[in-house]
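Scroll down for the structure; my scribbles are underneath it.
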Amino acid sequence: MLGQYLPVVALLVLAALFAALSFVASRLLAPRRPHDRKLAPYECGIIPSRETPERFPVRFYLVAMIFIVFDIEIIFFYPWAVAHRGIGLFGLVAVLIFSVAVFESFVYLIGNGALEWGPIAEVRQAVSRRFGSEVVRPGVRQVGLEGRDAGNPTIEGGP
Amino acid sequence: MVIAADPLLLGPIGLEVFLIILIKVVASFVLLMVSVMLMVWFERKLISDMQNRIGPDVAGPWGILQTLADGIKLFFKEDLIPENADRPVFKLAPYLSLVPAFLVFAIVPIGGDFRTGDGTVGWFGHRTFLQVADPPMGILLFLALSSVAVYGVMLAGWSSGSKYPLLGSVRASAQMISYEAALGLAIATVFLTGGSLSTHEIVSSQSNWNWNVATTGVVPFLIFLVAGTAELNRPPFDLVEAEQELVGGFHTEYSSIRFALFFLAEFMNVITMSAIAVTLFLGGPDGPILVEQVAWIWPILWFSLKLLAFLFSFVWLRATLPRIRYDQLMDLGWKVLIPLALGWFLLIAALNVGRDRGWSPVPVVLVSVAVLWAGAAMLGGAVRKARAERRAIELGSDEVLDAGDGA
Numbered sequence: 012m013l014g015q016y017l018p019v020v021a022l023l024v025l026a027a028l029f030a031a032l033s034f035v036a037s038r039l040l041a042p043r044r045p046h047d048r049k050l051a052p053y054e055c056g057i058i059p060s061r062e063t064p065e066r067f068p069v070r071f072y073l074v075a076m077i078f079i080v081f082d083i084e085i086i087f088f089y090p091w092a093v094a095h096r097g098i099g100l101f102g103l104v105a106v107l108i109f110s111v112a113v114f115e116s117f118v119y120l121i122g123n124g125a126l127e128w129g130p131i132a133e134v135r136q137a138v139s140r141r142f143g144s145e146v147v148r149p150g151v152r153q154v155g156l157e158g159r160d161a162g163n164p165t166i167e168g169g170p
Numbered sequence: 010m011v012i013a014a015d016p017l018l019l020g021p022i023g024l025e026v027f028l029i030i031l032i033k034v035v036a037s038f039v040l041l042m043v044s045v046m047l048m049v050w051f052e053r054k055l056i057s058d059m060q061n062r063i064g065p066d067v068a069g070p071w072g073i074l075q076t077l078a079d080g081i082k083l084f085f086k087e088d089l090i091p092e093n094a095d096r097p098v099f100k101l102a103p104y105l106s107l108v109p110a111f112l113v114f115a116i117v118p119i120g121g122d123f124r125t126g127d128g129t130v131g132w133f134g135h136r137t138f139l140q141v142a143d144p145p146m147g148i149l150l151f152l153a154l155s156s157v158a159v160y161g162v163m164l165a166g167w168s169s170g171s172k173y174p175l176l177g178s179v180r181a182s183a184q185m186i187s188y189e190a191a192l193g194l195a196i197a198t199v200f201l202t203g204g205s206l207s208t209h210e211i212v213s214s215q216s217n218w219n220w221n222v223a224t225t226g227v228v229p230f231l232i233f234l235v236a237g238t239a240e241l242n243r244p245p246f247d248l249v250e251a252e253q254e255l256v257g258g259f260h261t262e263y264s265s266i267r268f269a270l271f272f273l274a275e276f277m278n279v280i281t282m283s284a285i286a287v288t289l290f291l292g293g294p295d296g297p298i299l300v301e302q303v304a305w306i307w308p309i310l311w312f313s314l315k316l317l318a319f320l321f322s323f324v325w326l327r328a329t330l331p332r333i334r335y336d337q338l339m340d341l342g343w344k345v346l347i348p349l350a351l352g353w354f355l356l357i358a359a360l361n362v363g364r365d366r367g368w369s370p371v372p373v374v375l376v377s378v379a380v381l382w383a384g385a386a387m388l389g390g391a392v393r394k395a396r397a398e399r400r401a402i403e404l405g406s407d408e409v410l411d412a413g414d415g416a
C-alpha cells in the first residue's frame with residue numbers, strides 16, 4: 012500500500028526543488044547591499060528601543076493545550092465514523108459515552124474561563140470614563156522622541 | 010470493505026508507470042502554478058470591479074500577466090535577513106509553508122467518470138485515477154499537511170526576532186489550530202456517509218447528485234466553509250496580517266523571493282482548500298455529461314466550475330465583510346462551531362444507526378434534539394458563569410483603582 016504514496020513523495024521533491032531553485036535564482040539576480048537600517052527589526056522607521064518581548068499572554072498556551080486534547084479526541088472519531096455501520100448500536104453507545112466525557116471537560120474548561128478573551132463592555136466604559144479626558148490628542152506627541160536619532164529627527168533619505 | 014487504491018500503483022512499478030507518475034506530478038505542479046497566477050489576478054481584478062476601480066490592466070491583455078510580472082520583479086529584489094533573526098529557522102520557514110500547500114492538491118480528484126465508470130481513465134494501456142495519488146488515508150494526509158503549514162507560519166514569525174511578526178504568528182497559530190478542530194469534526198461527518206477516508210471513495214459515493222452537502226444536512230458544509238476561511242487566514246478572519254495593527258503579520262521581515270514563496274503558498278492554499286471542499290461536499294467532478302463525443306471533458310469542467318464558485322466567494326467575502334475582533338474569532342470557533350459540529354456529527358450517526366436497526370426516525374430525532382438542547386443549555390450556562398466571574402474580578406479591580414485615586 013505504501014506505493015500509493017510514491018506520487019506524493021515525487022510532488023514533495025518537485026516542490027522542494029522549486030523552492031530551492033528560486034532561492035538560487037534570487038541569489039544570482041538580486042543585489043546585495045546590506046545596511047544597518049535594513050537589517051534592523053521593522054519598527055515603522057523608529058530605532059527599536061526595547062527587545063522583542065519573549066512572553067505573551069498565557070491564553071495562547073491554554074488554547075494550544077486544549078487543542079492538543081481536542082484534536083486527539085477528534086481523530087478518535089474517524090475510525091469509528093468510517094466503520095460505524097458495521098459496529099451498530101454498541102459502537103454508537105460507546106461513542107456517546109466518549110462524547111459525553113469530552114463535552115463535560117469542554118464545559119468545565121469554558122465554565123472556568125479558559126477560553127475567555129478580550130475586554131468586557133462595562134470595563135471598557137469604566138476605563139474610558141477614567142481616562143477619557145486625558146487621551147485628547149493621540150499621535151506623535153505621545154510617541155515622543157524615544158528611539159529617534161537625537162538632532163536628526165528625519166530618517167536618512169527623508170526630505 | 011474494499012480499500013481504495015489507484016490501480017496504476019498496485020502492480021510492479023516499471024519505467025512506464027514511473028513516467029505516468031512523472032507526467033501527473035509535473036502536470037499538477039504546472040496546473041497549480043498557473044492557477045495561482047490566475048487566482049491572484051482574478052482576486053485583484055474582481056476586488057477592483059467591486060470597488061469601482063480598474064485594477065491591473067497593463068501587463069498582458071486585461072492585465073492577466075500582472076502576477077508573473079510581480080513574481081519576476083521579486084526575483085530581482087534584495088533578500089534581507091534581519092540581524093536578530095534565527096537564520097536556519099528563518100530560511101526553513103518558507104519551505105514549511107510552501108511544500109504542504111503543493112502536496113494537498115495531490116489527493117484531489119479533478120476528473121474521471123464516476124457515474125457510469127469507476128472514475129478511472131486509460132493512459133498508455135494503464136488504468137489510473139485523475140488525481141496525483143489516492144492514499145487510503147487521503148483526508149488524514151490533508152489534515153496532517155495543514156498542521157505542518159502552521160509550523161511554517163509559527164516559525165516564520167518567531168525566527169524573525171521582531172515584534173509584529175511574533176504577535177502575528179502567535180495569533181495565527183492560535184487561530185489555525187482552533188479552527189482545525191472544527192474543520193476536523195465537519196469532515197468526520199462526511200465519513201459517516203462516505204464510509205472511507207480516501208478522497209476517491211468519498212467522491213464515488215457521491216456520484217449521481219448524491220452530494221454530501223445534502224446527505225450530511227448542509228450544517229457541516231457551512232462549518233467547513235467558515236472554518237476553512239479561518240484556516241486560510243482569509244478575510245473576515247485575516248487578523249493574522251491585520252495591516253493596521255501588525256504591519257504584515259508573520260511575514261513582515263520577509264522580502265524578495267522568501268516573501269514570494271509565502272504569498273504563493275497562501276494563494277495555493279486558497280485553491281486547494283476550495284478543491285477539498287468541492288471533493289468532500291459537492292461531489293468533486295460529478296455532473297451531467299452533456300455531449301457524449303467529449304465525455305471525458307465534462308467531469309473536469311464541472312470540477313473547475315465548482316472550484317471557481319468557491320474562489321469567487323472567497324474574493325467576495327474579502328470585498329464585503331469587515332475583519333472581526335480576536336475575542337469574537339475565538340468565541341465563534343470554540344463556543345459555536347466545535348460544539349455544533351460535534352452535535353451534528355452525533356445526530357447523523359444516531360440517524361444512520363437507527364435506520365440500520367429499523368427504528369422510526371421521529372423518536373430518534375426527538376431524543377437527539379433533546380440531548381443536544383441539554384448540551385447547548387449546559388454550554389450556555391458555562392459561558393455565562395465564566396463571563397459573570399470575569400466581570401466581577403475586573404470591575405472589582407477597577408473600583409480598587411478608583412479608591413487609590415481618591416486617597
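If you read the sequences in order, they're chains A and B. Per the working numbering, the first sequence starts with residue 12, numbered consecutively. Per the working numbering, the second sequence starts with residue 10, numbered consecutively. Ideal placement from N, C-alpha and C gives every residue a C-beta, glycine not left out. All values derive from a computational prediction rather than experimental measurement.
Do you know offhand how far F84/B's Cα is from S33/A's?
Computed Cα separation, rounded: 8 Å.
Within 7 Å, strictly: CB atoms of S216/B and F123/B:
For S216/B and F123/B, yes; Cβs fall inside 7 Å.
Name the two residues that bound the continuous beta strand (DSSP E) containing W353/B.
Looking at the DSSP string, W353/B is not in any beta strand (DSSP E); the run it does join, the alpha helix (DSSP H), is 347–365.
Taking a contact to mean a Cβ-Cβ separation below 7 Å, would you say S283/B touches L316/B in this structure?
In this structure, L316/B lies closer than 7 Å to S283/B by Cβ.
In chain A, which residues lie less than 9 Å from D79/B when you measure between Cβ atoms?
Here the premise fails: no neighbours, minimum Cβ distance about 14 Å.
Check whether chain B comes within 7 Å of L103/A, counting only Cβ atoms and requiring the distance to be less than that.
True, the Cβ-Cβ gap to chain B drops below 7 Å.
In the DSSP assignment, what residue or residues form a beta bridge with G126/B?
As DSSP reads the structure, G126/B sits in no beta bridge.
Mind checking whether L346/B and A191/B have CB atoms under 7 Å apart?
Yes, these two residues count as a Cβ contact at 7 Å.
With distances taken between CB atoms, is the gap from W353/B to L291/B smaller than 7 Å?
Going by beta carbons, W353/B and L291/B fall outside the 7 Å limit.
Could you tell me which residues DSSP pairs with W132/B in its beta bridges?
Bridge pairing for W132/B: H135/B [DSSP].
According to DSSP, is N278/B part of a helix, a strand, or is it coil?
Residue state, collapsed to three classes: helix.
For G363/B and T224/B, I'd like the C-alpha separation in whole angstroms.
Straight-line Cα distance between these residues: approximately 16 Å.
Quick check: what's the CA-CA separation for G161/B versus L105/B?
If you draw a straight line from the Cα of G161/B to the Cα of L105/B, it comes to about 5 Å.
Have a look at I77/A and A102/B and give me their C-alpha separation to the nearest angstrom.
Approximately 25 Å, taken between the alpha carbons.
Out of curiosity, what's the CA-to-CA distance linking G120/B and F312/B?
C-alpha separation (whole angstroms): 7 Å.
State the Cα-Cα distance for the pair W382/B and I211/B, rounded to the nearest angstrom.
The C-alpha of I211/B is placed about 31 Å away from the C-alpha of W382/B.
Suppose you measure from the CA of P144/B to the CA of R399/B; what does that come to, to the nearest Å?
Going from the Cα of P144/B to the Cα of R399/B covers about 48 Å.
In chain B, what lies closer than 7 Å to F34/A by C-beta?
Residues of chain B whose Cβ lies closer than 7 Å to the Cβ of F34/A are, in chain order, I266.
In the structure shown, what three-state DSSP assignment does M146/B receive?
Coil, per DSSP.
Check whether the stretch 246–262 of chain B touches the stretch 167–178 of chain B, counting contact only when three or more Cβ pairs, one atom from each stretch, lie closer than 8 Å.
The stretch 246–262 of chain B vs the stretch 167–178 of chain B: in contact.
The stretch 229–248 of chain B in contact with the stretch 50–61 of chain B per 3-pair CB rule at 8 Å
The stretch 229–248 of chain B is not in contact with the stretch 50–61 of chain B.
Within its chain, find whatever has a CB closer than 7 Å to the CB of M339/B; leave out the 5 residues flanking it on each side and keep chain order.
Within the same chain, S187 come within 7 Å of M339/B by CB-CB distance, once the 5 residues on both sides are set aside.
Does DSSP put D79/B in a helix, a strand or coil?
Here D79/B carries a helix assignment [DSSP, helix/strand/coil].
Contact defined as beta carbons within less than 8 Å: I believe D463/B pairs with G122/A. What is the distance between those atoms, to the nearest angstrom?
There is simply no residue 463/B to check, as chain B begins at 10 and stops at 416 in what is shown.
Give the residues of chain B in contact with S110/A, contact being defined as C-beta atoms less than 8 Å apart.
S110/A reaches chain B at L351, L355, counting residues in chain order whose Cβ is nearer than 8 Å.
Could you list which residues in chain B have their beta carbon closer than 9 Å to that of G56/A, in chain order?
G56/A does not reach chain B, its nearest Cβ partner there being about 12 Å away, counting only Cβ pairs nearer than 9 Å.
What does the Cβ neighbour count give for P65/B, buried or exposed, with the cut at 16 atoms within 10 Å?
It counts as buried.
Near K86/B, what residues of its chain come up, given a Cβ to Cβ distance below 7 Å and the 5 sequence neighbours on each side ignored?
So the qualifying residues of the chain are S264, S265.
I357/B to D336/B, Cα distance in whole Å?
Using only the alpha carbons, I get a separation of about 31 Å.
Nearest-angstrom Cα separation, counted from V287/B out to T198/B:
Taking the CA atoms as reference points, T198/B sits about 15 Å from V287/B.
So G193/B is in the alpha helix (DSSP H); what residue range does that whole segment cover?
Looking at the DSSP string, the run of the alpha helix (DSSP H) that includes G193/B is 172–203.
Assign S369/B to one of two classes, buried (16 or more other C-beta atoms within 10 Å of its C-beta) or exposed (fewer than that).
By the 10 Å Cβ count, S369/B comes out exposed.
Would you list, in chain order, the members of the stretch 365–396 of chain B that have their beta-carbon closer than 8 Å to a beta-carbon of chain A?
From the stretch 365–396 of chain B, only D365, R366, G384, M387, L388, G390, A391, V392, K394, A395, R396 have a Cβ closer than 8 Å to chain A.
Going by the beta-carbon positions, is the gap between L107/B and L248/B smaller than 7 Å?
The answer is no: Cβ separation not under 7 Å.
Mind listing which residues of the stretch 63–89 of chain B have their C-beta closer than 7 Å to chain A's C-betas, in chain order?
Taking a C-beta cut-off of 7 Å against chain A, the contacting residues of the stretch 63–89 of chain B are F84, F85, K86, E87, D88, L89, listed in chain order.
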